[in-house]
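Data first, discussion second: the structure below is written as structure tokens.
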Amino acid sequence: MERTLSIIKPDGVAKNIIGEVIKRFESAGIKIAAMKMIHLTKSQAQGFYAVHKERPFFDSLTDFMTSGPIVVMVLEGENVIAENRKIMGATNFKEAEEGTIRREYATDIEKNVVHGSDAPETAAFEISYFFNHLEIQSR
Ligand code: ATP
Ligand code: MG
Numbered sequence: 772m773e774r775t776l777s778i779i780k781p782d783g784v785a786k787n788i789i790g791e792v793i794k795r796f797e798s799a800g801i802k803i804a805a806m807k808m809i810h811l812t813k814s815q816a817q818g819f820y821a822v823h824k825e826r827p828f829f830d831s832l833t834d835f836m837t838s839g840p841i842v843v844m845v846l847e848g849e850n851v852i853a854e855n856r857k858i859m860g861a862t863n864f865k866e867a868e869e870g871t872i873r874r875e876y877a878t879d880i881e882k883n884v885v886h887g888s889d890a891p892e893t894a895a896f897e898i899s900y901f902f903n904h905l906e907i908q909s910r
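This is the structure we're talking about:
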């Protein structure tokens, strides 16, 4: 079964919509295989977003990701990488489809409520960044 990493970003946690986000995954038949709440340090956020280190928004993004606690989850299901990205909507909430998480709750291209891995290789890296194999329950 395919796996992906999902993050409810600091803005999502602050908006009190952890349950709302999780409900959308579960309603779509996606299973949560691991979950925890953490508060990243700047260097942990920089390590997670290392692929974006040359982008102009890197410093602002890593500041934002350390601005409060986040919920990290491993999601499991058929085609879950693409399914999760469909449920999240486009990175820019103004371009996100009606009914997606970002369309309904994002306020900014940066503060867009959720993260989801974009490919099997990034999913493997991102899952291992937060969880070891004993912390992931296939079910
Ligand atoms: P994520 O990786 O968070 O799931 P994504 O794959 O849709 O989102 P990326 O292009 O990987 O988007 O960008 C990572 C994150 O960086 C975005 O989710 C957003 O928070 C932030 N970001 C992306 N583009 C911009 C931008 N132009 N200005 C500010 N922040 C941005
Ligand atoms: Mg991305």
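For this note's numbering, count along the sequence shown from 1 and bump the result up by 771.
Virtual Cβ for every residue (Gly too), placed ideally from N, Cα, C.
Given residue i as reference, the closest of the options once Cα atoms are compared
| i | options | result |
| --- | --- | --- |
| Met806 | Ile872, Gly790, Ser814 | Gly790 |
| Ala799 | Thr893, Asn855, Ile880, Val842 | Asn855 |
| Arg774 | Gly848, Asn883, Ile858 | Gly848 |
| Phe902 | Leu846, Gly860, Lys813, Glu868 | Leu846 |
| Tyr780 | Ser838, Ile801, Glu797 | First, the amino acid is wrong: residue 780 is Lys here, not Tyr. Out of Ser838, Ile801, Glu797, Ser838 has the C-alpha closest to the C-alpha of Lys780. |
| Lys786 | Val842, Glu797, Thr893 | Val842 |
| Lys802 | Ser777, Ala867, Gly783 | Ser777 |
| Glu881 | Phe896, Glu869, Phe864, Glu868 | Phe864 |
| Met808 | Lys794, Arg910, Asp830, Gly783 | Gly783 |
| Arg795 | Gly860, His904, Leu905, Glu892 | Gly860 |
Local Cβ density within 10 Å of residue i, reported as buried at 16 or more and exposed below that
| i | result |
| --- | --- |
| Val822 | exposed |
| Phe828 | exposed |
| Gly887 | buried |
| Arg873 | buried |
| Thr871 | buried |
| Thr812 | exposed |
| Asp879 | exposed |
Residue i beta carbon near the ligand MG (any heavy atom closer than 7 Å)
| i | result |
| --- | --- |
| Asp889 | yes |
Check: residue i C-beta below 7 Å from any heavy atom of the ligand ATP
| i | result |
| --- | --- |
| Asn883 | yes |
| His823 | yes |
| Thr837 | no |
| Leu832 | yes |
| Thr871 | no |
| Thr878 | no |
| Phe902 | no |
| Phe732 | Outside the shown range of the chain, which is 772 to 910, sits residue 732, and nothing can be said about it. |
For residue j and residue i, the rounded distance between their alpha carbons
| i | j | result |
| --- | --- | --- |
| Pro840 | His810 | 4 Å |
| Arg826 | Thr862 | 15 Å |
| Ile858 | Ile907 | 22 Å |
| Ala890 | Tyr900 | 15 Å |
| Glu797 | Arg910 | 13 Å |
Cut-off 7 Å between Cβ atoms - residues of its own chain near residue i, not counting five sequence neighbours on either side
| i | result |
| --- | --- |
| Asn850 | Glu773 |
| Ile788 | Tyr876 |
| Thr833 | Lys813, Ala816, Gln817, Tyr820 |
| Ala894 | Arg774, Thr775, Leu776, Ile852, Ser888 |
| Ile898 | Arg774, Leu776, Val845 |
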